Amino acid sequence: MSTTPAAAHELPAMPVAEAEWRRVYGLSPERDVPFTTLSGDAIRPLYTERDLPPGIGGDEDPIGVPGAYPFTRGVYPSMYRGRLWTMRQFAGFGTAEETNARFRYLLDHGQTGLSTAFDMPSLMGHDSDHPLSLGEVGREGVAVDTVDDMETLFSGIPLGEVSVSMTINAPAAIMLAYYVVAAERTGVPATQLAGTIQTDILKEYIAQKEWCFPIDPAMRLVGDMIEWCSGHMPRWHPVSISGYHIREAGATAAQELAFTLRDGLTYVEEAVERGLDVDDFAPRLSFFFNAQIDFFEEIAKYRAARRIWAREMRERFGGKDPKSWLMRFHTQTAGVSLTAQQPLNNIIRTTVEALAGVLGGTQSLHTNSYDEALALPTEEAVRIALRTQQIIAHETGVVNTIDPLGGSYFVEALTDEMERQAYAYFAKIDELGGMVAAVKSGYPQREIADAAYELQAEIDAGRRIVVGVNRFVEGNDGDATLLLKIDPEGEQRQIAKLAANKAARDNALVASTLAELKAAALTDRNLMPLLLDAARARISEGEIVHALQEVWGDYRETPVF
Amino acid sequence: MVAAAGETARKIRVVVAKPGLDGHDRGAKIIARALRDAGMEVIYTGLHQTPEQIVETVIQEDADAVGLSILSGAHMTLVPRIVALLHEQDVDDVVVTVGGTIPADDIPELRRLGVAEVFTPGASTQQIIDFIRTSSDRGRTPV
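Chains as they are written, first to last, in the working numbering: chain L, 1 to 561; chain E, 562 to 704.
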């Protein structure tokens with residue numbers, strides 16, 4: 001399936017100069033360090049024309065031109081000369097009021113889209129007054145219990161004009177219903193809403209570990225959302241297939257690539273099995289990748305992802321609309337690459353990672369703040385992170401030409417290698433009976449845990465250098481970083497708000513709506529319209545999730561380490 | 562815990578626990594595996610544990626040490642509860658350690674509560690192994 005049928009490929013003859021270089025290089029001493037990618041793959045000292053993939057210039061050119069199959073060089077013909085990537089900083093903490101203020105701050109400083117982080121209870125489908133929510137309310141994101149919180153979160157922001165991203169998965173269908181109803185209250189219909197909700201439940205079981213239901217009903221809920229959005233929200237991306245968390249959990253670049261694309265292909269299968277035409281929903285699938293510190297490996301990963309997705313969507317699923325073939329993606333720099341030691345160094349790490357995302361052709365970008373290994377970012381740190389993107393966009397000149405690294409012997413060879421490794425993982429997943437079966441058996445979870453352990457062992461042994469952690473540690477004292485503190489009273493305020501909400505609603509309507517939802521959960525009926533009714537009836541997230549758990553059960557992981 | 566003669570060869574038993582709702586288990590799993598590879602008996606609780614569940618595991622497993630991994634910022638709520646529950650159950654000989662994104666400002670208070678050590682980002686697995694080994698041995702050996 002890969003584009004590298006090496007046997008049929010006739011290598012160009014080795015030029016005399018290269019043969020001479022090889023001889024000289026063979027006599028030269030090398031430093032005693034591993035010349036490997038962050039993922040551990042050996043890198044050769046030099047790449048030449050002989051390392052380029054076969055077929056360049058032919059009918060099935062593996063590199064081609066931007067905006068044309070197989071999109072290795074970018075999904076659009078004009079890329080950043082036409083329009084820069086969306087600078088989209090992820091934000092959310094405390095109550096809806098506090099996050100609303102941060103959103104307005106970011107829009108005032110030139111950010112062009114919003115991205116919402118929810119707190120742990122919201123991600124797990126617990127209300128703020130649930131016993132397990134204790135101490136977690138508003139900690140790692142904003143607390144949203146009801147449609148009223150959602151309305152407050154986006155208060156004063158023109159939802160018909162700004163594109164909004166929401167990072168939530170297991171209860172995504174509920175949050176989307178809240179969002180649609182909150183917009184409806186301000187007179188903006190669902191058809192006008194633009195944005196993305198993550199909804200990538202497979203990677204929750206693989207890596208992020210925020211779930212509500214067993215895998216099968218969770219997949220059904222994803223299918224319900226894709227189906228409903230394809231008929232009612234033409235500007236909305238109902239799934240953002242995410243490798244970010246897989247990578248953060250310790251995956252290699254190739255694992256991130258392979259597991260993410262395979263998750264995406266599994267959602268496509270789910271939708272096609274429901275009878276949807278691939279061209280009716282595929283153009284609104286989007287991706288979310290990590291940008292780690294190994295610059296070229298990351299760029300190769302994005303380029304390979306575009307090529308694989310285009311091929312699978314065209315060849316395997318028979319998509320006719322070229323928009324169905326496009327692997328469009330958001331990038332976030334790697335949280336795990338940040339160090340608590342000498343935190344200002346993180347600005348440099350983030351810059352290099354952001355540049356990889358841009359040279360890899362990302363459609364939107366979040367740059368991490370330098371203080372995030374310590375706490376939630378302060379406003380100053382967030383501003384520097386945004387300025388990093390603006391400097392790349394407006395000062396460096398890297399946006400002047402499309403895919404400036406296209407044709408680089410090394411980058412093209414590495415792109416091919418990424419693709420080859422991804423297909424090797426696909427074959428293994430096929431053997432296990434597909435991605436859902438593989439996840440149930442813990443296969444990707446084990447692969448990731450192994451990779452994470454190996455990398456940590458390399459760092460601990462000093463074989464891989466992390467500046468300020470295992471080398472160059474002078475200056476680690478003096479922890480003068482100003483940290484953002486979450487107001488501990490916020491949790492009580494949020495619980496009081498929830499109680500007030502529950503006291504002010506029509507309880508008969510709440511009961512009948514939940515009863516209908518539970519009945520429908522036992523049938524094939526699409527649940528989205530009922531979730532919208534539940535939002536309008538001001539039913540809380542925890543109540544909805546609890547009702548569905550009564551029908552479907554919950555999920556317990558067998559941990560592998 | 563009684564350390565009778567002949568039990569000196571008993572492996573150190575460590576519970577690695579994830580209190581609260583955060584799903585960041587990369588560190589917990591690496592530590593669990595590193596402690597196991599270092600010859601300890603490791604019980605990993607898995608995710609989303611309540612303080613009550615963790616204390617029950619510590620008691621049932623007759624653990625010498627418990628490592629709490631928290632990256633959600635809820636440590637100042639969860640750790641005091643776990644320590645208090647251990648105390649209520651008269652479990653005073655278990656070494657309690659905390660790992661995760663713990664701001665420096667919070668560390669003195671955690672220590673005051675009885676946490677033996679706090680490991681922040683960048684701590685090596687060897688440091689953690691050494692600490693657990695030294696402090697658990699000290700806890701078990703009758704003086």
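The beta carbon of each residue, even a glycine, is placed where N, CA and C say it ideally should be. The structure displayed is predicted, hence computed values, not measured ones.
Residues 147, 150 and 535 of the same chain have their beta carbon placed closer than 6 Å to that of residue 178(L), with the five preceding and five following residues left out of the count.
Taking C-beta atoms as the reference points, residue 622(E) and residue 571(E) fail to come closer than 8 Å. Here residue 267(L) is buried, its C-beta having at least 16 other C-beta atoms within 10 Å. When the five nearest sequence neighbours on each side are left out, the beta carbons in the same chain lying within less than 6 Å of the beta carbon of residue 605(E) are those of 577 and 593, in order along the chain.
The Cβ of residue 341(L) sits closer than 8 Å to at least one Cβ of chain E. By the CB criterion at 8 Å, residue 195(L) and residue 155(L) fall outside the cutoff. In the three-state DSSP reduction, residue 85(L) falls in the coil class, being neither helix nor strand. Rounded to whole angstroms, the separation of the alpha carbons of residue 284(L) and residue 233(L) is 10 Å. Each of 633(E), 616(E) and 682(E) was checked against the Cα of residue 654(E), and the nearest Cα belongs to 616(E). By the CB criterion at 8 Å, residue 444(L) and residue 241(L) fall outside the cutoff. Taking a C-beta distance under 8 Å as the contact criterion, residue 526(L) and residue 228(L) qualify as a contact pair. A straight line joining the alpha-carbon of residue 180(L) with that of residue 670(E) spans about 44 Å. At a cut-off of 8 Å between beta carbons, residue 249(L) contacts chain E. The Cβ neighbour count for residue 169(L), taken over all protein chains shown within 10 Å, is at least 16; the residue is labelled buried. The C-beta of residue 135(L) comes closer than 8 Å to at least one C-beta of chain E. Across the structure, residue 262(L) and residue 275(L) are spaced so that their CA atoms are roughly 20 Å apart. Beta-carbon to beta-carbon, residue 469(L) and residue 683(E) are separated by about 5 Å, close enough to satisfy the 8 Å threshold. When DSSP assignments are scanned along the stretch 457-531 of chain L, no uninterrupted stretch of beta strand (DSSP E) that is 3 or more residues long falls wholly within it. Within the stretch 59-81 of chain L, not one residue has a Cβ closer than 9 Å to any Cβ of chain E.
If you draw a straight line from the Cα of residue 607(E) to the Cα of residue 640(E), it is about 17 Å long. For residue 259(L), there are no neighbours in chain E by C-beta distance under 8 Å, as the nearest C-beta there is about 15 Å away.
Residue 124(L) sits away from residue 304(L), with the two beta carbons spaced by 8 Å or more.
Checking the DSSP bridge columns, you'll see residue 241(L) partnered with 287(L). With its beta carbon at least 8 Å from every one in chain E, residue 464(L) lies outside the interface. Taking the Cα positions, residue 362(L) is about 43 Å away from residue 519(L). Restricting attention to beta strand (DSSP E) runs no shorter than 3 residues, the stretch 101-189 of chain L encloses them at 114-117 and 164-167, ordered along the chain.
The criterion of a C-beta distance shorter than 8 Å is satisfied by residue 306(L) and residue 70(L).
Of the other Cβ atoms in all chains shown, 16 or more fall within 10 Å of the Cβ of residue 137(L); this residue is therefore buried. Among the residues facing chain E, residue 496(L) is not included, as its CB has no counterpart in that chain under 8 Å away.
Residue 685(E) and residue 340(L) have their alpha carbons spaced roughly 13 Å apart.
For residue 196(L), DSSP records a beta bridge to 165(L) and 237(L). Within the stretch 194-215 of chain L, the residues whose Cβ lies closer than 9 Å to any Cβ of chain E are, in chain order, 204, 207, 208, 209, 210 and 211. Put simply, the CB of residue 344(L) is far from chain E, with every gap to its CB atoms at 8 Å or more. In the three-state scheme derived from DSSP, where H, G and I count as helix and E and B as strand, residue 602(E) is classed as strand. Per DSSP, residue 636(E) is one residue of the alpha helix (DSSP H) stretching across 636-649. Judged by DSSP in its simplified three-state form, residue 330(L) adopts strand.
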